[in-house]
Ligand SMILES: [Fe+2]
Ligand SMILES: [Fe+2]
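Numbering (the working numbering), first residue to last: 141 to 432.
Following this line, the structure appears as structure tokens:
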């Protein structure tokens, strides 16, 4: 089971210190003493330490990624930052369903070969109960809200020709929709959905992927505008060009707001060498210093 016993000083990201070959579940022994063993567990998607019931206490700290821990009869999701204590004699197992899972395990006393025997009574991984998919629930809300949003864009197109009283009533109805439906939806997401997503992003990375999605949207809108611009002047679709310009302006403005208010100020938390390396790379300078 053990990959190697290290005697030198080890410092670095846990995911790099866990040097398994990734072909099978890896457990690298970092420290072995008569009273305890400290191991770095590295599981790729589909890999597991099968359920077993050793006569050892276990303290497990998840350092990277996410997975599932069987402790006793209960299957629990575990993610980077989670800590678990499983007493001797309690069945336990660890598995990674997607991405990678790196965890530190302190086992006392050090387990023998008997301790890793699979459970004899055939009780392996319990089945997870079927529940409703939250993605679908939120998606259905979005589909409903988008009907109201489509109305917004129709109103924007019609605004120049609508009679003032009619326009005023339509604007009031729009404000009503935004206040009673869209904004409560947004508040619900901040309260319930974003904290859950944040936990998963912390474990799996990709916190900035939504910003890259904005870039793709901006690129697509640019292509749409290019197609509008390429046609002969006589067949130019003014309304379409107007929509594309408004969409580009809205998306880019919101995107810059997010970068300026949320992302860029965080760069000041980088170390000075990292900041220097980033600036040099941004300027395309050669001899970028090592960001370490
Ligand atoms: Fe939403
Ligand atoms: Fe950007």
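Glycine residues also receive a C-beta, built at the ideal position from the N, C-alpha and C atoms.
Near ligand 2, which residues have their beta-carbon closer than 7 angstroms to a heavy atom?
The set of residues with a C-beta under 7 angstroms from any non-hydrogen atom of ligand 2 comprises 351, 354, 355, 395 and 399, given in chain order.
Once you ignore the five residues that flank residue 148 on each side, which residues in its own chain have a CB closer than 7 angstroms to its CB?
There are no such residues.
Check each candidate in 239, 372, 212 and 382 and name the one with the smallest Cα separation from residue 185.
Taking the Cα of residue 185 as reference, the smallest distance to any Cα among 239, 372, 212 and 382 is reached at 239.
Quick test of your reading: residue 165 and residue 189, contact by CB under 8 angstroms. State the CB separation rounded to the nearest angstrom.
6 angstroms
Inter-residue Cα distance where the pair is residue 250 and residue 193:
Straight-line Cα distance between these residues: approximately 14 angstroms.
Just how far apart, CA to CA, sit residue 154 and residue 182?
9 angstroms
Could you tell me the distance, in whole angstroms, from the CA atom of residue 398 to the CA atom of residue 172?
48 angstroms
Determine the direct distance from the alpha carbon of residue 175 to that of residue 345, and round the result to whole angstroms.
36 angstroms
Unbroken alpha helix (DSSP H) run spanning residue 126, endpoints
For residue 126 there is no data in the structure shown, the boundaries of the chain being 141 and 432.
With distance defined between alpha-carbon atoms, name the residue in 204, 325, 236 and 367 nearest to residue 210.
236
Run the CB neighbour count on residue 206, radius 10 Å, all protein chains shown included, and call it buried at 16 or more, exposed below.
By the neighbour-count rule (16 or more Cβ atoms within 10 Å), residue 206 is buried.
Start and end residues, alpha helix (DSSP H) containing residue 153
First-last for residue 153: undefined, no H or E at that position.
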